[in-house]
Amino acid sequence: MNPQANLVFIISLLLGTTITISSNHWIMAWTGLEINTLAILPLISKSHHPRAIEAATKYFLTQSAASALVLFSSMTNAWHTGQWDITQLTHPTSSLILTSAIAMKLGLVPFHFWFPEVLQGSPLTTGLLLSTIMKLPPIALLYMASHSLNPTLLTTLAILSTALGGWMGLNQTQIRKVLAFSSISHLGWMAIIIVYNPKLTLLNFYLYAMMTATIFLTLNTIKVLKLSTLMTAWTKIPSLNAMLLLTLLSLAGLPPLTGFLPKWLIIQELTKQDMAPAATLISLLSLLSLFFYLRLAYCTTITLPPHTTNHMKQWRTNKSTSIMIAILTTMSVMLLPISPMILTIV
């Protein structure tokens, strides 16, 4: 792709995200979402492979349907209350339609079918954008309207997302699909707490985005897309593979690592809200996703193929990407001890 065109699309992405996050009016928020959708489509389909074109088409259809629902819910609310303000979404039907629209935008169950397919058809860098920055505007809208959402509906969606995200990721051999189901599972954790403590949702999203960015950038550096190639990739940059192991375990939420922080705080908050059964259920369901993270971690570092590989060690890597991966990996693994400071910032 032409570098100038690429720059225009990236700037449009940032612009659309900024407009949605900073808007108070539903029409402005909708405009930002539309700019985002239109900017990411060329980035998905830039390889001209039939699968990439299919992914772009699926993405366009689901996102345009979700945008139409966002507009419909805000118009219904304005019809009944005379308010176009995002924080004044008081009509129950509008709230219900908005929750469905945002669930479709994010890829929450039962609107999750498009996400693994789109991620599988996209390049790794576009997959990184789809998993992180494209999730921010819908989550920001949920955050602003969190006080008027239906807790029962969100809890149901969250538990279903965690269950299906873990369950459907078990049998995958394509790493991008595994990361898509991982994203669906993490979104379940964010959705369950948004009504009770919206700031925890944002904290969970920031940490999830950081760990996912680390994994995508690492995979992009070692040029790996399947589990079978991941097994032989340890000879390229052995130290990076070792750090990928730790980042995967952090994303799984194992205790001494950063990923444990949001899960711990969410379980604590759910228990305070007398939702101990929901907290127990979502914790048990996250064990499903722990299995496929361990499978990835096992393939990354513990499996040695029986024959010597032909991969040469990379003696020249992209310096700026390497520095970024180093910083993100350190943060993905070592933020738990400073969690009190993080909580005071959030």
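This note's numbering applies: residue 12 is where the sequence shown begins, and numbers increase by one. Think of the CB as a built atom: it goes at the ideal place given N, C-alpha and C, for glycine as much as any other residue.
C-alpha gap between alanine 150 and isoleucine 248, whole angstroms: Counted from its first residue, the sequence shown places residue 150 at position 139. Counted from its first residue, the sequence shown places residue 248 at position 237. The question names alanine, but residue 150 is isoleucine in the sequence shown. Going by the C-alpha atoms only, they are around 36 Å apart.
With 16 as the cutoff for other CB atoms within 10 Å, does tryptophan 90 come out buried or exposed? The sequence position of residue 90 within the sequence shown is 79, counting from 1. Exposed, because fewer than 16 other Cβ atoms sit within 10 Å of the Cβ of tryptophan 90.
Start-to-end residues for the alpha helix (DSSP H) that takes in glycine 43: The count along the sequence shown starts at 1 and reaches residue 43 at position 32. 37 to 55 is the span of the alpha helix (DSSP H), which, as asked, contains glycine 43.
Serine 23 versus serine 58: straight-line alpha-carbon distance, rounded: The residue given as residue 23 occupies position 12 in the sequence shown. The residue given as residue 58 occupies position 47 in the sequence shown. For serine 23 and serine 58, the distance between alpha carbons rounds to 20 Å.
Looking only at its own chain, which residues have a Cβ that is under 6 Å from the Cβ of isoleucine 205, when we skip the five neighbours before and after it? Counting from 1 along the sequence shown, the entry for residue 205 is found at position 194. Correct list, in chain order: Leu153, Ser157, Thr212.
Is the beta carbon of threonine 232 less than 8 Å from the beta carbon of valine 344? Against the sequence shown, residue 232 aligns to sequence position 221. Against the sequence shown, residue 344 aligns to sequence position 333. Contact flag unset, no.
Exposed or buried, which one is histidine 60 when buried takes at least 16 other CB atoms within 10 Å? Working through the sequence shown from its first residue, we reach residue 60 at position 49. Looking at its Cβ environment, which holds fewer than 16 other Cβ atoms inside 10 Å, histidine 60 is exposed.
With DSSP collapsed to three states, give me the class of lysine 274. In the sequence shown, the residue the question calls residue 274 occupies position 263. DSSP places lysine 274 in helix when its eight states are reduced to three.
So lysine 69 is in the alpha helix (DSSP H); what residue range does that whole segment cover? The count along the sequence shown starts at 1 and reaches residue 69 at position 58. From DSSP, the alpha helix (DSSP H) with lysine 69 extends over 61 to 92.
Specify the secondary structure class of glutamine 284 as computed by DSSP and reduced to three states. The sequence position of residue 284 within the sequence shown is 273, counting from 1. Correct three-state label for glutamine 284: coil.
Limits of the alpha helix (DSSP H) - the one that tryptophan 245 falls within: Numbered from its first residue, the sequence shown carries residue 245 at position 234. Where tryptophan 245 is concerned, there is no enclosing alpha helix (DSSP H), given that its DSSP letter is neither H nor E.
Rounded C-alpha distance that separates threonine 48 from leucine 276: Taking the first residue of the sequence shown as 1, we reach residue 48 at position 37. Taking the first residue of the sequence shown as 1, we reach residue 276 at position 265. Rounded to the nearest angstrom, the two C-alpha atoms are 33 Å apart.
Out of Met222, Met254, Lys237, state which residue places its alpha-carbon closest to the alpha-carbon of leucine 262. Here residue 262 corresponds to residue number 251 of the sequence shown, with the count starting at 1. Nearest C-alpha to leucine 262: Met222.
So, helix, strand or coil for glutamine 183, using DSSP? Within the sequence shown, numbered from 1, the residue matching residue 183 stands at position 172. Correct three-state label for glutamine 183: coil.
Quick check on DSSP: helix, strand or coil for lysine 330? To locate residue 330, count along the sequence shown from 1; it is residue 319. Three-state result, lysine 330: helix.
Please determine, among Val81, Thr341, Ala290, Leu354, the residue with the shortest C-alpha to C-alpha distance to glutamate 45. Position 34 of the sequence shown, counted from the first residue, corresponds to residue 45. Residue Val81 is the option with its Cα nearest to glutamate 45.
Leucine 299 versus Ser196, Thr312, Ala220, Leu259, residue with shortest Cα-Cα distance: Numbered from its first residue, the sequence shown carries residue 299 at position 288. Of the candidates Ser196, Thr312, Ala220, Leu259, the one whose C-alpha sits nearest the C-alpha of leucine 299 is Ser196.
Contacts around leucine 236, its chain only, beta-carbon distance under 8 Å, and the 5 residues preceding and following it disregarded: Sequence index remark: in the sequence shown, residue 236 carries index 225 (1-based). Excluding positions up to five away in sequence, the list reads Leu135, Gln185, Ile186, Arg187, Leu230.
Lysine 116 - DSSP class collapsed to helix/strand/coil: One-based indexing of the sequence shown puts residue 116 at position 105. Looking at lysine 116 - three-state DSSP - the assignment turns out to be helix.
Can you tell me which of the three DSSP states lysine 234 falls into? Translated into positions along the sequence shown, residue 234 becomes position 223. DSSP places lysine 234 in coil when its eight states are reduced to three.
Could you tell me the alpha carbon to alpha carbon distance between leucine 165 and isoleucine 203, rounded to whole angstroms? Translated into positions along the sequence shown, residue 165 becomes position 154. Translated into positions along the sequence shown, residue 203 becomes position 192. Cα to Cα, leucine 165 sits roughly 6 Å from isoleucine 203.
When the Cα atoms are used, what is the spatial distance from methionine 254 to phenylalanine 302? Start at 1 with the first residue of the sequence shown, and residue 254 comes out as number 243. Start at 1 with the first residue of the sequence shown, and residue 302 comes out as number 291. Computed Cα separation, rounded: 19 Å.
Beta-carbon proximity of glycine 132 to leucine 198, cut-off 8 Å: Within the sequence shown, residue 132 is the residue found at index 121, counting from 1. Within the sequence shown, residue 198 is the residue found at index 187, counting from 1. Their beta carbons are not under 8 Å apart, which means glycine 132 does not touch leucine 198 by this criterion.
Quick check on the DSSP output: the alpha helix (DSSP H) that includes methionine 155 runs from which residue to which? Numbered from 1 along the sequence shown, position 144 holds the residue referred to as residue 155. It spans 147 to 155 - the alpha helix (DSSP H) in which methionine 155 sits, taken as one unbroken run.
Would you be able to state if there are at least three C-beta pairs under 8 Å between the stretch 106 to 115 and the stretch 69 to 83? yes
Is the Cβ-Cβ distance between threonine 143 and alanine 224 less than 8 Å? The residue given as residue 143 occupies position 132 in the sequence shown. The residue given as residue 224 occupies position 213 in the sequence shown. In this structure, alanine 224 lies closer than 8 Å to threonine 143 by Cβ.
Kindly give me the distance between the Cβ atoms of phenylalanine 227 and leucine 107, rounded to whole angstroms, as I take these residues to be in contact under 8 Å. On the sequence shown, position 216 is the one that residue 227 refers to. On the sequence shown, position 96 is the one that residue 107 refers to. 34 Å between Cβ atoms; not a contact.
Could you tell me the alpha carbon to alpha carbon distance between proline 351 and serine 239, rounded to whole angstroms? Within the sequence shown, the letter at position 340 stands for residue 351. Within the sequence shown, the letter at position 228 stands for residue 239. Rounded to the nearest angstrom, the two C-alpha atoms are 41 Å apart.
Quick one, which of Thr332, Leu260, Lys69 has its alpha-carbon nearest alanine 308's? Residue 308 sits at position 297 when you count from the first residue of the sequence shown. Of the candidates Thr332, Leu260, Lys69, the one whose C-alpha sits nearest the C-alpha of alanine 308 is Leu260.
Using a 10 Å radius around the Cβ and a threshold of 16 neighbouring Cβ atoms, would you call phenylalanine 20 buried or exposed? Residue numbering aside, residue 20 sits at position 9 when the sequence shown is read from its first letter. Looking at its Cβ environment, which holds 16 or more other Cβ atoms inside 10 Å, phenylalanine 20 is buried.
Looking only at its own chain, which residues have a Cβ that is under 7 Å from the Cβ of phenylalanine 271, when we skip the five neighbours before and after it? For the purposes of this step, residue 271 is identified with residue 260 of the sequence shown, where counting begins at 1. If we look at phenylalanine 271 and ignore the five residues flanking it on each side, its Cβ neighbours are Gly264, Leu265, Leu347.
Could you tell me the alpha carbon to alpha carbon distance between threonine 314 and proline 14, rounded to whole angstroms? On the sequence shown, residue 314 is found 303 positions in, with the first residue counted as 1. On the sequence shown, residue 14 is found 3 positions in, with the first residue counted as 1. Cα-Cα distance, rounded: 39 Å.
Is any non-hydrogen atom of the ligand COA found closer than 7 Å to the C-beta of leucine 140, if you look at the structure I gave you? The ligand COA is not part of this structure, which contains no ligands at all.
Taking Cβ positions, are cysteine 310 and leucine 257 nearer each other than 8 Å? Counted from its first residue, the sequence shown places residue 310 at position 299. Counted from its first residue, the sequence shown places residue 257 at position 246. Not closer than 8 Å, so no.
Taking the alpha helix (DSSP H) that tryptophan 125 belongs to, which residues open and close that run? Here the question's residue 125 lines up with position 114 in the sequence shown. From DSSP, the alpha helix (DSSP H) with tryptophan 125 extends over 125 to 132.
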